Amino acid sequence: MSSSGERDRIDAMLDQAERQPFVGWDFSWLRGRVDSQPLPWDYTATVVEHARSSPDLL
């Protein structure tokens, strides 16, 4: 279960997100707040592997 401090931090972040103007795909206001890691798989390699064994490809 989350601590009270963590819940307060999440609530503050949600409040800030609700106040942000949102147009199109501009998520620049999140810069510095998003922590992401590289995916453990390679999209291109996966597509190529399936494309080679498929008689049809869209």
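Position one of the sequence shown corresponds to residue 0 (numbering that gives the first Met the number 0), numbered consecutively onward.
A virtual CB, placed ideally from N, CA and C, is assigned to each residue, including glycine.
Here the structure is a predicted model, which is why all the values come from computation and not from measurement.
Checklist entry - Quick one: what does DSSP say R51 is sitting in, helix, strand or coil? => result Looking at R51 - three-state DSSP - the assignment turns out to be helix.
Item to check | Cβ-based neighbour list, L56, same chain, cut-off 6 Å, excluding 5 preceding and 5 following | outcome: The beta carbon of L56 lies closer than 6 Å to those of A50 in the same chain, with the five residues before and after it left out.
Checklist entry - Could you give the C-beta distance for W28 and Q19, rounded to a whole number, given that I count them as a contact under 8 Å? => result 5 Å
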